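*Asks:*
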Amino acid sequence: MTAARLARAHEISDLRTMARRRLPRPIFDYMDGGAGAELSLGRNASAFDDYEIVPDVLTDVSAIRTGTTLFGQAAAWPLLLSPTGLTRMFHAQAEPAVARAAARHGLPYSLSTMGTTRIEDLASPAPLVFQIYIFRDRGLTREFVARCKAAGWHGLILTVDTPVAGNRLRDRRSGLSLPPKLTLRSMMEFALHPGWSLPALTGSKFDFANVSHRVDALASGSMSLFDYIGGQFDRSLTWRDVEWLAAEWGGPLSIKGLMTPEDARRAVGSGASGVMISNHGGRQLDGAPAPVDQIAAVREALGDGPEIICDGGVRCGSDVVKALALGATACSVGRPYLYGLAAGGERGVDRALTLLHEEFERTLALAGVPDIAGLSARHVRRRSR
2 MTAARLARAH EISDLRTMAR RRLPRPIFDY MDGGAGAELS LGRNASAFDD
52 YEIVPDVLTD VSAIRTGTTL FGQAAAWPLL LSPTGLTRMF HAQAEPAVAR
102 AAARHGLPYS LSTMGTTRIE DLASPAPLVF QIYIFRDRGL TREFVARCKA
152 AGWHGLILTV DTPVAGNRLR DRRSGLSLPP KLTLRSMMEF ALHPGWSLPA
202 LTGSKFDFAN VSHRVDALAS GSMSLFDYIG GQFDRSLTWR DVEWLAAEWG
252 GPLSIKGLMT PEDARRAVGS GASGVMISNH GGRQLDGAPA PVDQIAAVRE
302 ALGDGPEIIC DGGVRCGSDV VKALALGATA CSVGRPYLYG LAAGGERGVD
352 RALTLLHEEF ERTLALAGVP DIAGLSARHV RRRSR
């Protein structure tokens, strides 16, 4: 997609429309969909509409200060690019394109365990964070920690809301297989989208790049990579396992997937430096609260120190302003940058991040807040129903 066409995207929903046109329907639904009736998916974004920004006036906003720190590293503004699995499924440039765009915007990027790029192959001047699971095979988790240390990564995100997979009905109905395969059912969709299909089906294979060596080493040779990963999720995890991981890593660690003040306190008490309030983008427990609605209570429980990242539902820069006023340290986004990636590769990610940042700074100026440190609960109120 040309730069001129991407310039016609004036908000994230425009990039979503472009992505939907470029991707085969099963691939778009995998990126865009949620679990069950998608109540949490829809609520994640709409919940931001329940909050109004209360502006100050006659404040000097000729210079807007947005810099912060995340995972102990400088960030140009309070945004993290969330981990997303199988990113190459949406564009052949995959995770490296996203990391390069993040670096240009001065933002940290998080690579998923389910990513299609190896830890060692993702060199970026941006702060790099690895999203990790505590697997049944603790040796595999310990290996990830050691590799991140050796590669100089800056933090870990432990995902804790996946004891089982969510009921993702769009994927069931579309017949999506992972990795995508040509079938009679999918052939027409793939044929109608050659811009995606030719690079995707003829390029390097879809792979969990950081885990594939484990399957290659299995003596039987009969287990697929996807079967191996599926068998590694552990339903027996407890807070003692978080304590173990925190001791193994010894650096910034955020727990992703919790929703309550009680669990946030347990996370910090178990060695985490912060939390990510998240319902997995509405892809796990349908009916879970919207993350933005949990921020204030979690901040009250944790006090001023630990990082609180609101993960889910951010679609414009004003959403980030609202989350910060409620007590978040930062927000994270997944689908917005994936829409950009699917629409136009690295340039599309650039466009998504540019739109979000422009909206963020414009909202701060209009709210009369020249420094994000000055945002507080008085700048936001819940809309009367």
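Be aware that the sequence shown starts at 2, since it is given in the numbering used here, and climbs by one per residue.
The beta carbon of each residue, even a glycine, is placed where N, CA and C say it ideally should be.
Please read all numbers here as calculations on a predicted model, not as lab measurements.
By the three-class DSSP mapping on this structure, what secondary structure does residue 88 have?
*Replies:* Position 87 of the sequence shown holds residue 88. Looking at residue 88 - three-state DSSP - the assignment turns out to be helix.
*Asks:* DSSP three-state label for residue 308, please.
*Replies:* Position 307 of the sequence shown, counted from the start, is the residue given in the question as residue 308. Reduced to three states, the DSSP call for residue 308 is strand.
*Asks:* Suppose contacts are defined by Cβ-Cβ distances below 8 Å. Is residue 283 in contact with residue 36 by that definition?
*Replies:* Taking the first residue of the sequence shown as 1, we reach residue 283 at position 282. Taking the first residue of the sequence shown as 1, we reach residue 36 at position 35. Contact: yes.
*Asks:* Give me the Cβ distance between residue 258 and residue 161, rounded to the nearest whole Å; I'm assuming they're in contact under 8 Å.
*Replies:* What you label residue 258 is simply residue 257 of the sequence shown in a count that begins at 1. What you label residue 161 is simply residue 160 of the sequence shown in a count that begins at 1. With a Cβ gap of about 4 Å, residue 258 and residue 161 count as contacting.
*Asks:* Give the single residue among 139, 82 and 55 whose Cα lies nearest to the Cα of residue 340.
*Replies:* For the purposes of this step, residue 340 is taken as residue 339 along the sequence shown, with counting starting at 1. Comparing Cα positions, the closest option is 82.
*Asks:* I'd like the list of long-range same chain contacts for residue 318, defined as Cβ closer than 6 Å, with 5 residues on each side in sequence excluded.
*Replies:* In the sequence shown, residue 318 corresponds to position 317, counting from 1. If we look at residue 318 and ignore the five residues flanking it on each side, its Cβ neighbours are 357, 360, 361 and 364.
*Asks:* Just reading off the beta strand (DSSP E) that residue 255 is part of, what are its end residues?
*Replies:* Locating residue 255 in the sequence shown gives position 254, where the first residue counts as 1. Residues 254-259.
*Asks:* What is the rounded straight-line gap between the Cα of residue 98 and the Cα of residue 111?
*Replies:* Within the sequence shown, the letter at position 97 stands for residue 98. Within the sequence shown, the letter at position 110 stands for residue 111. Between residue 98 and residue 111, the C-alpha separation is close to 13 Å.
*Asks:* Opposite residue 53 in the DSSP bridges: which residues?
*Replies:* Translated into the one-based positions of the sequence shown, residue 53 becomes position 52. 382, per the DSSP bridge assignment.
*Asks:* Could you tell me whether the Cβ atoms of residue 75 and residue 351 are closer together than 8 Å?
*Replies:* Sequence index remark: in the sequence shown, residue 75 carries index 74 (1-based). Sequence index remark: in the sequence shown, residue 351 carries index 350 (1-based). Taking 8 Å as the Cβ cut-off, residue 75 and residue 351 do not qualify as a contacting pair.
*Asks:* Would you call residue 116 buried or exposed, if buried means 16 or more other Cβ atoms sit within 10 Å of its Cβ?
*Replies:* In the sequence shown, residue 116 corresponds to position 115, counting from 1. Buried is the call here.
*Asks:* Please state whether DSSP places residue 70 in a helix, a strand or coil.
*Replies:* Looking up residue 70 in the sequence shown gives position 69. Strand at residue 70.
*Asks:* With 16 other CB atoms within 10 Å as the buried threshold, where does residue 215 fall?
*Replies:* Within the sequence shown, numbered from 1, the residue matching residue 215 stands at position 214. Looking at its Cβ environment, which holds 16 or more other Cβ atoms inside 10 Å, residue 215 is buried.
*Asks:* Give me the Cβ distance between residue 290 and residue 62, rounded to the nearest whole Å; I'm assuming they're in contact under 8 Å.
*Replies:* On the sequence shown, position 289 is the one that residue 290 refers to. On the sequence shown, position 61 is the one that residue 62 refers to. With a Cβ gap of about 33 Å, residue 290 and residue 62 do not count as contacting.
*Asks:* Assuming residue 87 and residue 108 make a contact with CB atoms under 8 Å, what is their CB distance in whole Å?
*Replies:* Along the sequence shown, one-based indexing puts residue 87 at 86. Along the sequence shown, one-based indexing puts residue 108 at 107. Going by Cβ atoms, the distance from residue 87 to residue 108 rounds to 21 Å, so no, they are not a contact pair.
*Asks:* What's the gap between the Cα of residue 369 and the Cα of residue 377?
*Replies:* Start at 1 with the first residue of the sequence shown, and residue 369 comes out as number 368. Start at 1 with the first residue of the sequence shown, and residue 377 comes out as number 376. Between residue 369 and residue 377, the C-alpha separation is close to 12 Å.
*Asks:* Please report how far the alpha carbon of residue 262 lies from the alpha carbon of residue 241, in whole angstroms.
*Replies:* Residue mapping note: residue 262 aligns to position 261 of the sequence shown, counting from 1. Residue mapping note: residue 241 aligns to position 240 of the sequence shown, counting from 1. Cα to Cα, the separation comes out at about 18 Å.
*Asks:* So residue 159 and residue 243 are in contact, right, with Cβ under 8 Å, and what is the actual spacing, rounded?
*Replies:* For this step, residue 159 is matched to residue 158 along the sequence shown. For this step, residue 243 is matched to residue 242 along the sequence shown. Yes, they are in contact, since the Cβ atoms of residue 159 and residue 243 sit about 7 Å apart, within 8 Å.
*Asks:* Give every residue of the same chain whose Cβ lies closer than 7 Å to the Cβ of residue 379, excluding the five residues on either side of it in the sequence, and list them in chain order.
*Replies:* Numbered from 1 along the sequence shown, position 378 holds the residue referred to as residue 379. Here the set comprises 55.
*Asks:* Rounded to the nearest angstrom, what separates residue 246 and residue 313 at their Cα positions?
*Replies:* Counting from 1 along the sequence shown, the entry for residue 246 is found at position 245. Counting from 1 along the sequence shown, the entry for residue 313 is found at position 312. About 25 Å.
*Asks:* Let's see if you can read the secondary structure: which residues bound the beta strand (DSSP E) around residue 361?
*Replies:* Walking along the sequence shown from the start, residue 361 turns up at place 360. Segment 336-367 is the alpha helix (DSSP H) holding residue 361; no beta strand (DSSP E) there.
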